Structures are given as structure tokens and as C-alpha cells.
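Chains as they are written, first to last, in the UniProt record's numbering: chain A, 1 to 548; chain B, 1 to 548. Beta carbons: idealized from backbone N, C-alpha and C, even for Gly. Fair warning: this is a prediction, and the values are worked out from it, not measured in the lab. To start, the structure under review is shown below, and the notes come after it.
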């Protein structure tokens, strides 16, 4: 069968997975579909309330018997069906399996009076890299369509153990190595706030799904911004934990086995409280007993408490940079960072300028790593069906390069290690000079607010954090405003790429686009960075339960 | 200059680094030189007592002002000088620098009444992979002679911060990839208990030095047994911590940058108490702030306490295997394991047979990894001086193989990860079947007691633990006895290699050779495994302060 026919069949199967009563009749819609669930009449008031709630609240209500998992799962399935029809964000949708699971959980609760785990009954949305038994994993590759899984990814097993319900797997860009979401199976996923903006990538389906509240906690992966960029573009919180904190075993991936820079799993959520529910629930399953790469490090409450004590005493010390010296962010992003800084300062905390240490070098180094097999693995997956390569990933993955050899790889490892250790030295030197511990660094995650399609050009703000294996939490800050965020006239570009990125800014086109920052800490500081992100969100007034 | 002349010059510089008054006149010595320090007249009674003491005791006495670092350092320098002359175990000896440092520490203590850190004044012996400012690092490569270091390895810096004194760097085999110690710079290092036995390798110089008590804590490295084998062959305790527990940054190495299986640092000691002093002292320096590969995991006292509670309630659960199914250990080793098991059983603990899971596969896989650059890096170092390759490392590193390519490496990574995770599954299944937590596995570390020269053939008992990245502590058990450990008649070999190893056994030649086991636990379980090793040593009566 021609690849077009395979893709077409898959697309129609996705469409058919949506029950008739959840289908949208007319697609004469506004660019912004964020209000559609409320006006559609497909969700009841209770279902709207459920999908507008928090995960923390929902699991508490299910654990008290006030809500059933069937009710909660039905609500999210309906809303996910809308999300799919409005943003084209799913590769798999399986409400029947989900409702069967929800019913089993409800029966368990009814008969025992007990929950099976801390996520009992909660629907969780998964990026289409997660293997779920009986469900396909195509990851947007035409050649992989028809891969029905015989076993679960480890994180899937542990989430089931914790009581989660799965109902959807969301779209990704071909190859995963792109921060927008487009593939030859279902095409492009768009941003629910404006169909002309990207939902981000590679966990872009998650971004659109959770952004639209078709999901409450979505699980993505990040090797160069793939959790954080969709979080930023959809006004969500998102964490890139350090490698080894959460299990990745038995996931599908491109460039599988590449270990110089590890892809990691992490949640996209509407609040840090929900993120914490996810993290603590997974860690409570002792993932290090299942996946050898997971460090035996349970949730460190004392680390969170240390930050809370600093918050209480106005004692946070936060470094910041607005530009990495390579590509200057657009005006909304610069204002976003400023907003966070002035908010922190007003709250009595200490901020200081952080000098990005050799970020250009780091950005080049990680690009070398991404291309270390010369794109062989990705092109094998693409070519085996005959589908064409999407144009976007030329920006990140340059397949024209030859494979590097073993000793070149080892030299690259040494460069990475030296860079990481030098960065730690920058922390130590700054701490000596400040006379206090640095708690985090606030900086852009992308140079743009939610970007227009095919305009994502610069990964450095995100990818340097991956190279360092630092913990990073994205915090939604505000929305671009054409009246405030005016274009810089006579901007002198730092480089050709910087000029291209800066030229893309258009106050009208970006009006209303989500603006975010990332809060970055040293390796394996999830508890601390999440607590700081939560406080920043609270100070900004974005620590909200409903954001529709 | 011809490589022979460079080596000769280096050798004579090492000889000249020993002050005349510490030189041995006659070298008509017994095979066993363990009593030489006592009979030589070079060390005073106090110096003999110091070198026969424990590190824990020495740092306590220096911290109370009862002993000076100069006295302690002088004693160990003298005894190290003897060790060098008797076993040929050092590549660098610098007593003058050591005594200058000791004096500075004494002056600091005198003027402030305070120690600089938990190792204040304690001499620590280093394998010649550690970089120490102003000192050469040759690692036994002729081509590297003359490399005077401009900066310290991170662990060296942190040990200095903790108060340590350095005085010697010990010998290694050419390439490091051998479990005996021989190179073209100084030749062969021998075992102080019998010059016909190997001191082990690659941290063999440490084994001989600490075994002879020319050092009290020696620091080695281990990528395939290199800490554990010399510990076993010299009746010492030795730990291979999991990767990421101790810093390795800025160490010299062969195959530098190879990250599929990491070499790790760890101490060789006479007791677990001294090992714990080392581990806690290094972790107290927060090594994760200096070396990006170190996990921010301080000493976990609660983990040690959990084991102590089990010991108190006779509640340990210990798996064991005597053979890995590939190479059957010699009779003394089998008896060694049996001795540990019966001792544990008598003490009321639970033992159960552990089935080695695919160790043959693992052994082949790690050999592929060692050879992944086809020996390119090692041969570059060897060939650049013109020195010949030592014959031994043909057993481990087969340089005739071509480099593997990037996608083959990634496939190897996946095999490693799958194997590690399957091994964890074996633990989980066994725990379900036993109905209790497994605390450790006791097994051989080598198939032989301290081996005769050039007869070390099988690395599998050690190297599978490296592939798994498990924590392993070697515990000295007893000595081979020609009257008990008789040769097995009519042994049917499992394989050609097994036949070669078994044929090597000779009760008379091995009479008196040290016999050890390793105590193995899951990744990053140092606190637990050390506590179990300590208890086994105590039960065996080997938890002693002087073992000469």
C-alpha cells in the first residue's frame, strides 16, 4: 500500500474513534477555540466543572467516593474528542478501553472502600511514545502504523499501579526532533488559542490537549525542549526533570539508544500542585526497581521544605538572563522575564544577573550530538514507508552530516562533561561572590511567544538545559500584547539566525500569544525548582485552577 | 630518546625518590615480605603502631592533638618506601611534598585548634590515574612520562579540602584493562604475601601498597574489577560504588570519554569503618557541586541504620551463587563462599540460592563495549612511544576488532539497558517469591585466590557487576589451604576457558593465598552493602585493625 493510503486509513480510524454524539457538526470556527467546550453542548455542566478542575481535587473527590472514575473519564474523553477535532492533536483515542478501566477502578473502590493508588481513577494523557498494550505506537511515522504493543512502557505500568486511566495518545512531529508538531500521518496540530500558532513540540499534542483541558495531566518527553516548549506555548506548567528521576524504559523513541544526551519524561499540567501529584505518585512506585536508569531517590520533602522556608523569609536568590547572547528574544518574552523579576523583587527576594556561560558552544555541541548518526536512524524510519521528510527538522537535525566515529563520540562526551562541570563552577563562583546559595535561574525557554507555524528556528534556550541535565520548570507568565510589546526598530542582529528570528516578530500576529519563562536549577533539584515555580506562579496570579 | 631510555630514567627517578635511610640493603628476601617492616629497623615502634592502626583511630588522634600529621605521614612514607622496594608498586613517590603539607596541617591545627576536615592529616595513597599538581601522571604509558600536572583531579581537590595528605601514586597495568599489574615503565608489581602471586589490577599498586600497610586508605578505580580484584588478592576490603556516587572528573584514563560502562573511583581499606570514613568524608564535600556526573546524594544514614536493624533482629536476606555458570571457581573460592554462607546462617540470617541471570550474555556484552573503539585509544598511547603492548590485555581487550559505528553503539546501549532492567526484574520476582526484601548477593569476585602471574583469564565475576552498575564490596574471608582445598579430579570443563582456569589450580602454589567474596547490591546502595560487608567481616573475625 502507498504511504499516503496507509496514512489516510490511519487518519480515518482516528476520526472513527470519536463516537458520533461527540462529533462537531460545523467547523466554521474562530481562530481561538478555547471556549468551544462550554458552548458546544456536548459536555454537561458537571463535565465542564470536572474538566475545569485540578487533578489534586479530582483524585481527592474520587478517593472520598464523591466522584466516580467513569464520570471523570467520560468528561475528559468528551473534551479530548473536541480537542482532537479542533486542534488535530491525537494519534490514538480509545475511550472504550478507558471507560472499561474506569469502571474496574470504580468497582474496586466500591467493593473495598480503597483506592488502588494516589492517582486512582484519574485520566492521564500520553504522548505517542508511550507503549500501551493493545494500542498502536506510530509516533507519526507512517512506517510504524500497525505496531500494536504487546507490553507497556515502564512508566505506563507504574501509572496503572498508581491508579491512572489512559484514553488518548497525542501527536508528535515526525522524528520528534522539532519544536512544532507536524507529521505525514495526521498533518499539523494547532494551538487551541489560535490556529495560526504552533502548539509547540515535540510533545505538542500534549500541549494542545492539556491546554484545551482535554487532559489534566499530560506526559511528554524532552531532549531539547519538547516538554517545555509546548507548555510555554499553551500557558501550562511543564517540567523537564533531570535524567534518571523518572522511568523511560520501554518507550518508543527515535535515535533509540543514544545516551550522550538523554530524553526524559515529564508532565505538562495547569499547576505545580498537579505536577507534584504526578511526581510523588510515580516516585512512590519505586521506579528504580523497574528501570535501571532511574536513581533510587524518593521524593525529598526536606528539599521542598527548604525552599518554602526561604519563601517565608523572603530569602530566595534567583539569577536571571534575558538573552543568551546568541538570539535575542522577542519583546513579549523580554517583558515576561522582567515581569517575573519585578514580581520576585517586590516580594522581597534577591535577584541578580546571571551570565550565560558559553551557551553558543553548548548549543553547537548538543546539535553535534543530535546529529551523531548523521540522521541514519530517523531516515531509516522515514524512508521505509516512502513518506517525505517534513521540512522543519532541518533546523535541528542536519542529516547531511556523516556519522561520527567512536573516538569522536568519546571526545564529544569529554566536551560535554567539561562544559557541565565548568557550569557548576560558575555556580560555585557566583555563590562565593554573592555570599549565598543560588536557588534558581529564571530565563526564556524560547525566543518567541507561541510561534507561528514553521517559524521555530532557535532551540538554544531549551537545549542548553538538556546538555547540562539541569532541572527546569516552565511557568506561564502572561500574554503578548500588541500595544505594549512593540517591534524594536533598527534592531542590529547578533547573527544571521538572530536576524531571522527578530524579523519574525509582528505585534499583531502575536497578540495574545502565551508567554512563559523557565526556572532552572542544578541537576536533580526537582523538589526545589517546583516549589520556586509554584511561588512565582502564585505571585503572578497564575497559580489557578481554571485557565480556559 | 628510545622508549627504553625514557622508562629507565623514570625508573631511576622513582628509586631516587626514596631517601637513603629508608633504603633496603639486601634483597635476599622470602617470597612473603609481610613481616619486613617489623624486622627492618627502619620504622620505630611508634611508626609501626601508626601504620598498623586504623584510619578512624588516626584521624581521631590527630584531631585531639595526640598525634601530628608529620608523625603519621612520616610513618606511612617510610613504610611505602619499603613497599615500593619489596613489591615494585609505585610510579610516583613524593615524601617531601607530603611532609610539607603535613606540617602545614599541623600548624593550622596548632594555631586554630581545629582540623581542616574529617581526614585532617591522614595520608592517602592514589592510583596513578589521579592528577596531582606538580606531579607526573604516566599511568604506566612510556609516552605519558613527563606529564606534570597543572591541576588536580576533582577527587584530589576534595580530599585536600577534607584534610588528606598525598605522598604516593601507585602502579597500574598498561592500558588499565587488565586485572594484573605490569607495564613497560617499572615492570611488574608483586603481591607482598608471595612474590609469585599477582597483586591484582588494575589498581594493583594500591592493592600491594595498602596490603603491606604502606597505605591505610588507597584510592583506585574499577571498570571491570580493578578495585575489587586487588582488594581480594591482598586481603582487603574494597568498594566499587555505583557510577555517580564519587567524582571522577579530571582523572587520567584510557578510553577517556567512553560512557557506556563507566569507570568509578573507590577506596581499598583494611576495614569497612575506614571505608566509611572515606565515603562520608568525600560526600561531605558535596562532590556534585564540582563534577556534573555525581548525583546529589549525601551519605544516607537511614539506609545504613535499616541494615543495622535487620542485623540486630537476625533479619538479613542474602542470595548467593558459587558459580556464574561460565567458569567454575577454584576450590578455595568455593570454600570461601561456603564459609560466608554458613557463618551468616549460624548468625540467624536467611540465605537463598540466586540464579545468575544471563551472565554469559553480560560478559560478552561488556567485552564488546570495552572493545568498541577497536583498541584505538589504547594503541595510540602505546604506539606513540614505540613501547610494545603487554601480552595480558589480550584477555580483555581485543584490539583486532574494528570500531563499532554509532548505530551499533546505540543498539549496544539498548542491550545493556534491557539487561539491567531484566536483572532488576529478577530481584522483584525473587522478592515476591521469598516474600521479603533481598539485602545483597554474596558471590565470588574472581575464580581464583590471588592468582599466579599471567594467569588471570576470566573477568566475568567482576565485570557483570560493572555492566549492571551495582554496588559491590569485597570482603576478605580466609586463606587457601593446600590440605583442605584439594584439586578436583576428573573435572569436566564447561568450556575451553573454564578448562584453562580450572587447570591452573595447584593446591601447593596457592597455599596461603587470600580468598575473598563480593557482596553485591542494587545500584547506589553503598550504605546498605557496606553495613552488610562489615557484619560479614565481623562474623568471620576479619573486622580487625591490624592484619599483617
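DSSP-derived helix/strand/coil call for residue i
{"i": "residue 367 of chain B", "result": "helix"}
{"i": "residue 317 of chain B", "result": "strand"}
{"i": "residue 240 of chain B", "result": "strand"}
{"i": "residue 467 of chain B", "result": "helix"}
{"i": "residue 100 of chain B", "result": "helix"}
{"i": "residue 306 of chain A", "result": "helix"}
{"i": "residue 41 of chain A", "result": "coil"}
{"i": "residue 8 of chain B", "result": "helix"}
{"i": "residue 180 of chain A", "result": "coil"}
{"i": "residue 494 of chain B", "result": "coil"}
{"i": "residue 124 of chain A", "result": "strand"}
{"i": "residue 95 of chain A", "result": "helix"}
Top-ranked residue by Cα proximity to residue i, from the options
{"i": "residue 236 of chain A", "options": "A:254, A:272, A:251, A:247", "result": "A:272"}
{"i": "residue 107 of chain B", "options": "B:87, B:68, B:77, B:445", "result": "B:68"}
{"i": "residue 456 of chain A", "options": "A:22, A:498, A:169, A:270", "result": "A:498"}
{"i": "residue 361 of chain B", "options": "B:463, B:80, B:30, B:353", "result": "B:463"}
{"i": "residue 214 of chain B", "options": "B:491, B:358, B:419, B:89", "result": "B:89"}
{"i": "residue 163 of chain A", "options": "A:104, A:332, A:6", "result": "A:104"}
{"i": "residue 257 of chain B", "options": "B:372, B:23, B:421", "result": "B:372"}
{"i": "residue 325 of chain A", "options": "A:356, A:93, A:533", "result": "A:356"}
{"i": "residue 85 of chain A", "options": "A:192, A:39, A:136", "result": "A:192"}
{"i": "residue 419 of chain B", "options": "B:466, B:438, B:433", "result": "B:466"}
{"i": "residue 174 of chain B", "options": "B:131, B:253, B:197", "result": "B:253"}
{"i": "residue 440 of chain B", "options": "B:515, B:130, B:310", "result": "B:310"}
{"i": "residue 531 of chain A", "options": "A:302, A:431, A:265", "result": "A:302"}
{"i": "residue 53 of chain A", "options": "A:212, A:493, A:389", "result": "A:212"}
Span of the alpha helix (DSSP H) around residue i
{"i": "residue 19 of chain B", "result": "Counting along the chain, residue 19 of chain B falls outside any alpha helix (DSSP H), and DSSP gives it neither H nor E."}
{"i": "residue 445 of chain B", "result": "No alpha helix (DSSP H) holds residue 445 of chain B; DSSP gives it neither H nor E."}
{"i": "residue 55 of chain B", "result": "55-63"}
{"i": "residue 602 of chain A", "result": "Coverage of chain A is limited to positions 1 through 548, which leaves residue 602 of chain A absent and any answer about it impossible."}
{"i": "residue 420 of chain B", "result": "406-434"}
{"i": "residue 135 of chain B", "result": "Element bounds for residue 135 of chain B: n/a, residue is neither H nor E."}
Chain-order list of residues whose beta-carbon lies under 6 Å from that of residue i (same chain, five-residue window excluded)
{"i": "residue 508 of chain A", "result": "482"}
{"i": "residue 291 of chain B", "result": "154, 247, 249"}
{"i": "residue 539 of chain A", "result": "343, 347"}
{"i": "residue 10 of chain B", "result": "145, 185"}
{"i": "residue 242 of chain A", "result": "469, 471, 523, 524"}
{"i": "residue 450 of chain B", "result": "191, 197, 233, 513, 514"}
Residue i: CB within 7 Å of a non-hydrogen atom of the ligand MN
{"i": "residue 349 of chain A", "result": "Summarising the ligand content, the structure contains no ligands, and the ligand MN is consequently not present."}
Residue interval of the beta strand (DSSP E) (run including residue i)
{"i": "residue 454 of chain A", "result": "Per DSSP, residue 454 of chain A belongs to no beta strand (DSSP E) and is neither H nor E."}
{"i": "residue 549 of chain B", "result": "The requested residue 549 of chain B is not part of the displayed model; chain B covers only 1 to 548."}
{"i": "residue 169 of chain A", "result": "165-170"}
{"i": "residue 158 of chain A", "result": "First-last for residue 158 of chain A: 154-161, but that is the alpha helix (DSSP H), not the beta strand (DSSP E)."}
{"i": "residue 595 of chain B", "result": "Lying outside 1 to 548, the shown extent of chain B, residue 595 of chain B is not represented and no answer is given."}
{"i": "residue 219 of chain A", "result": "217-222"}
{"i": "residue 249 of chain B", "result": "Looking at the DSSP string, residue 249 of chain B is not in any beta strand (DSSP E), and its letter there is neither H nor E."}
Neighbourhood of residue i by C-beta, 8 Å cutoff - its chain only, sequence neighbours within 5 removed
{"i": "residue 161 of chain B", "result": "116, 117, 285"}
{"i": "residue 148 of chain A", "result": "134, 135, 136"}
Sequence-distant residues of its chain with Cβ nearer than 7 Å to residue i (five each side left out)
{"i": "residue 402 of chain A", "result": "374"}
{"i": "residue 1 of chain B", "result": "none"}
{"i": "residue 458 of chain B", "result": "327, 447, 497, 501"}
{"i": "residue 78 of chain B", "result": "22, 42, 43, 47"}
Proximal residues, the region 119-142 of chain B versus chain E, C-beta separation under 9 Å: Any reference to chain E falls outside this structure, whose protein chains are A and B.
Output, in sequence order along the chain, the residues in the region 277-301 of chain B whose CB is closer than 8 Å to any CB in chain A. 288, 289, 290, 291, 292, 293, 295, 296, 297
If you measure beta-carbon to beta-carbon, which residues of the region 367-388 of chain A are closer than 9 Å to chain B? 372, 373, 374, 376, 377, 380
Residues of the region 152-166 of chain A in Cβ contact with chain B at a cutoff of 9 Å, in chain order, please. 154
In the region 258-269 of chain B, which residues sit with their C-beta less than 9 Å from some C-beta in chain A, listed in chain order? 258, 259, 260
Any C-beta of chain B within less than 8 Å: which residues of the region 530-541 of chain A qualify? none
Taking any Cβ of chain B, which residues in the region 419-437 of chain A have a Cβ under 8 Å from it, in chain order? 420, 421, 423, 424, 425, 427, 428
What residues from the region 36-48 of chain A come within 7 Å of chain B, judged by C-beta to C-beta, listed N to C? none
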